[in-house]
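Chains as they are written, first to last, in this note's numbering: chain A, 751 to 948; chain B, 2 to 143.
Note that the Cβ used here is the ideal one computed from N, Cα and C, for glycine as well.
Nothing here was measured: the structure is a model prediction, and the numbers come from that model.
Right, dumping it as structure tokens:
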């Protein structure tokens, strides 16, 4: 995948770039990012401390950091890598009685040593919020509207994050660190073996 | 030995009779062998105490029985994470000790703040640059 000497131990998550129409998405997303990446074996620098530093510097949206040399995060935070998250979609779509809630995010992990992109991923979840039809159009309309309004985006954002991290190699704190590449090769060999037998 | 619970609590409210609260509170804490520093002042109460589950509950219940202190904020869940990790011989999850350090710093408890931040740096050396910066800022700001 990439030069293993560049494999990061720690990452700093910077404020998200928000391309969606929901103004509060940037703040809501912060709380959902630490756990999935930490569970995957990476040391995510404590968000509340990092966030205070960004706020003191007047940085509230990741778009203010675009084009910045990533070594800044190495010098100031001691992080090996920096995670840029872009919120592409965070909204509700209505089609008469059908409705869904969509959360789509893009992740780019950049090395603070070389400015190289180490990993990137785009993930999206669409959750259907229309209920079973009652046979009455007005009732269905109201039911869908209520269910959609009540859908909490945060658990959906968690799911998007969890989908994304599965494509990232395990970090040093994960018990399977360094073994996942081997596991992929073994499963590929097993698959080829099975195909040869057919 | 029963498990020790560490509880951070605070409530900022006008306490005109704060001196009168001192005696009964101290007696209760001594009765349950609850240790720590509890600041009582006419602008409220701010404290980090440690003791058995029953002891902490008794002190918190006593404080909350005063209607001015009923909305008292307490924090122990992060310590639960640390206790569970220690019991099971697991590494304490990243950031927990740093977050607690930040909370203690905000509660003007520099000793607990420093010990938590240092513990995080020991568990996760890669946090050192950031946390040292936090410590330096706190020291410079005094």
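Exercise. For residue 103 of chain B, which of A:919, A:853, A:800 has the nearest alpha-carbon?
Worked result: As a position in the second chain, residue 103 of chain B is number 102, starting the count at 1. Residue nearest to residue 103 of chain B within the set A:919, A:853, A:800 is A:800 (criterion: CA-CA distance).
Exercise. Going along chain B in order, which residues have a C-beta closer than 9 Å to the C-beta of residue 788 of chain A?
Worked result: Counting from one through the first chain, the residue named residue 788 of chain A turns up at place 38. Here the neighbours are 94, 95, 96.
Exercise. How many angstroms separate the CA atom of residue 794 of chain A from the CA atom of residue 818 of chain A?
Worked result: By one-based count along the first chain, residue 794 of chain A stands at place 44. By one-based count along the first chain, residue 818 of chain A stands at place 68. Cα to Cα, the separation comes out at about 20 Å.
For this session: Could you name the residues of chain B that residue 795 of chain A contacts, counting a contact when the two beta carbons are closer than 7 Å?
Result: For the purposes of this step, residue 795 of chain A is taken as residue 45 along the first chain, with counting starting at 1. Those are 128, 131, listed as they occur along chain B.
Problem set entry | Where residue 100 of chain B meets chain A, residues with beta-carbon distance less than 9 Å | Taking the second chain and counting its residues from 1, the one referred to as residue 100 of chain B is at position 99. Within 9 Å Cβ-Cβ: 796, 797, 798, 799.
Exercise. How do the segment 52–68 of chain B and the segment 85–104 of chain B stand: do at least 3 beta-carbon pairs fall below 8 Å, yes or no?
Worked result: no
For this session: Establish whether the CB of residue 14 of chain B and some CB of chain A are separated by less than 9 Å.
Result: If you number the second chain from 1, residue 14 of chain B lands on position 13. No - not a single Cβ of chain A is within 9 Å of the one on residue 14 of chain B.
For this session: Classify residue 143 of chain B as helix, strand or coil using the three-state DSSP reduction.
Result: Residue 143 of chain B sits at position 142 when you count from the first residue of the second chain. Here the model assigns residue 143 of chain B a pLDDT of 49, short of 50, so the residue's position is not dependable, and the following value carries that caveat. Residue 143 of chain B: coil per DSSP, three-state reduction.
For this session: Compare the Cα-Cα distances from residue 765 of chain A to each of A:787, A:792, A:816 and report the closest residue.
Result: On the first chain, position 15 is the one that residue 765 of chain A refers to. The shortest C-alpha separation from residue 765 of chain A is found at A:816.
Exercise. What first and last residue would you give for the beta strand (DSSP E) that runs through residue 42 of chain B?
Worked result: The residue given as residue 42 of chain B occupies position 41 in the second chain. Segment 36–42, the beta strand (DSSP E) holding residue 42 of chain B.
Exercise. Using the C-alpha atoms, what's the distance from residue 787 of chain A back to residue 915 of chain A?
Worked result: Mapped onto the first chain, residue 915 of chain A falls at position 165. Mapped onto the first chain, residue 787 of chain A falls at position 37. Linking residue 915 of chain A to residue 787 of chain A through their CA atoms gives a straight-line distance of about 7 Å.
For this session: Taking only the alpha-carbon atoms, compute the straight-line gap between residue 890 of chain A and residue 797 of chain A and give it to the nearest angstrom.
Result: Against the first chain, residue 890 of chain A aligns to sequence position 140. Against the first chain, residue 797 of chain A aligns to sequence position 47. Each residue's alpha carbon lies about 42 Å from the other.
Problem set entry | Contained alpha helix (DSSP H) runs [length at least 4] in the segment 80–132 of chain B, N- to C-terminal order | 97–107, 111–124
For this session: Identify, in the order they occur along the chain, each residue of the same chain with its Cβ nearer than 7 Å to the Cβ of residue 841 of chain A, setting aside the five sequence neighbours on each side.
Result: Taking the first chain and counting its residues from 1, the one referred to as residue 841 of chain A is at position 91. Closer than 7 Å at Cβ, skipping near neighbours: 770, 771, 772, 852.
Exercise. Near residue 17 of chain B, which residues of its chain fall below 7 Å by C-beta distance, leaving aside the five closest residues on each side in sequence?
Worked result: Position 16 of the second chain, counted from the start, is the residue given in the question as residue 17 of chain B. Here the set comprises 43.
For this session: Just the chain B side, please: which residues come within less than 7 Å of residue 760 of chain A by C-beta, in chain order?
Result: Walking along the first chain from the start, residue 760 of chain A turns up at place 10. For a Cβ distance threshold of 7 Å, residue set 127 of chain B lies close to residue 760 of chain A, ordered along the chain.
For this session: Can you say whether residue 830 of chain A is buried or exposed, counting buried as having 16 or more other CB atoms within 10 angstroms of its CB?
Result: Taking the first residue of the first chain as position 1, residue 830 of chain A is located at position 80. When all chains shown are included, residue 830 of chain A counts as buried.
Problem set entry | Contact residues within the segment 65–76 of chain B, judged by C-beta distance below 8 Å to chain A | none
For this session: Quick one: list the residues of chain B neighbouring residue 784 of chain A, beta-carbon separation under 7 Å, in chain order.
Result: Residue 784 of chain A sits at position 34 when you count from the first residue of the first chain. Going along chain B in sequence order, the residues near residue 784 of chain A (Cβ under 7 Å) are 96.
For this session: Specify the secondary structure class of residue 856 of chain A as computed by DSSP and reduced to three states.
Result: What you label residue 856 of chain A is simply residue 106 of the first chain in a count that begins at 1. Three-state DSSP puts residue 856 of chain A in a strand.
For this session: Verify the CB distance criterion: does residue 820 of chain A have a CB-CB separation below 9 Å to chain B?
Result: Taking the first residue of the first chain as position 1, residue 820 of chain A is located at position 70. False, the Cβ-Cβ gap to chain B never drops below 9 Å.
For this session: Within the same chain, show all residues whose beta-carbon is closer than 6 Å to that of residue 860 of chain A, passing over the 5 residues directly before and after it, in chain order.
Result: Walking along the first chain from the start, residue 860 of chain A turns up at place 110. The residues are 820, 832, 867.
Exercise. At least one CB of chain A closer than 9 Å to the CB of residue 4 of chain B: is that the case?
Worked result: Working through the second chain from its first residue, we reach residue 4 of chain B at position 3. Chain A contact via Cβ: absent.
Exercise. Is the Cβ-Cβ distance between residue 95 of chain B and residue 782 of chain A less than 9 Å?
Worked result: Sequence index remark: in the second chain, residue 95 of chain B carries index 94 (1-based). Sequence index remark: in the first chain, residue 782 of chain A carries index 32 (1-based). No.
Problem set entry | For residue 951 of chain A, the nearest candidate out of A:865, A:896, A:870 (CA to CA) | This structure gives no information on residue 951 of chain A, because the portion of chain A shown stretches from 751 to 948.
Problem set entry | chain A contact for residue 121 of chain B (CB, 9 Å cutoff) | Against the second chain, residue 121 of chain B aligns to sequence position 120. So, interface residue.
Problem set entry | Bridge partner(s) assigned by DSSP for residue 67 of chain B | Within the second chain, numbered from 1, the residue matching residue 67 of chain B stands at position 66. Looking at the DSSP assignment, residue 67 of chain B forms no beta bridge with any residue, so it has no partner.
Problem set entry | Against chain A: residues of the segment 103–114 of chain B by CB proximity under 7 Å | 103
Exercise. Can you name, in chain order, every residue of its own chain whose Cβ lies under 6 Å from the Cβ of residue 758 of chain A, other than the five neighbours on each side?
Worked result: Taking the first chain and counting its residues from 1, one reaches residue 758 of chain A at position 8. 830, 831, listed in sequence order.
Exercise. Could you give the uninterrupted runs of the alpha helix (DSSP H) lying entirely in the segment 819–865 of chain A, keeping only those of 4 residues or more?
Worked result: 821–827
Exercise. In this structure, what does DSSP give as the bridge partners for residue 874 of chain A?
Worked result: Position 124 of the first chain, counted from the first residue, corresponds to residue 874 of chain A. The partner list for residue 874 of chain A (beta bridge, DSSP) reads A:854.
Problem set entry | residue 12 of chain B in three-state terms, based on DSSP | Here residue 12 of chain B is taken as the residue at index 11 of the second chain, counted from 1. Residue state, collapsed to three classes: strand.
Exercise. Which partner residues of residue 45 of chain B appear in the DSSP bridge assignment?
Worked result: Residue mapping note: residue 45 of chain B aligns to position 44 of the second chain, counting from 1. According to DSSP, which records beta bridges pairwise, residue 45 of chain B is partnered with B:13, B:42.
Exercise. Do we get a CB-CB distance below 9 Å when we pair residue 7 of chain B with the residues of chain A?
Worked result: Locating residue 7 of chain B in the second chain gives position 6, counting from the first residue. So, not an interface residue.
Problem set entry | Cα-Cα separation between residue 106 of chain B and residue 36 of chain B, rounded to whole angstroms | As a first step, residue 106 of chain B is located in the second chain; it is residue number 105 there, counting from the start. As a first step, residue 36 of chain B is located in the second chain; it is residue number 35 there, counting from the start. If you take the alpha carbons of residue 106 of chain B and residue 36 of chain B, they lie about 19 Å apart.
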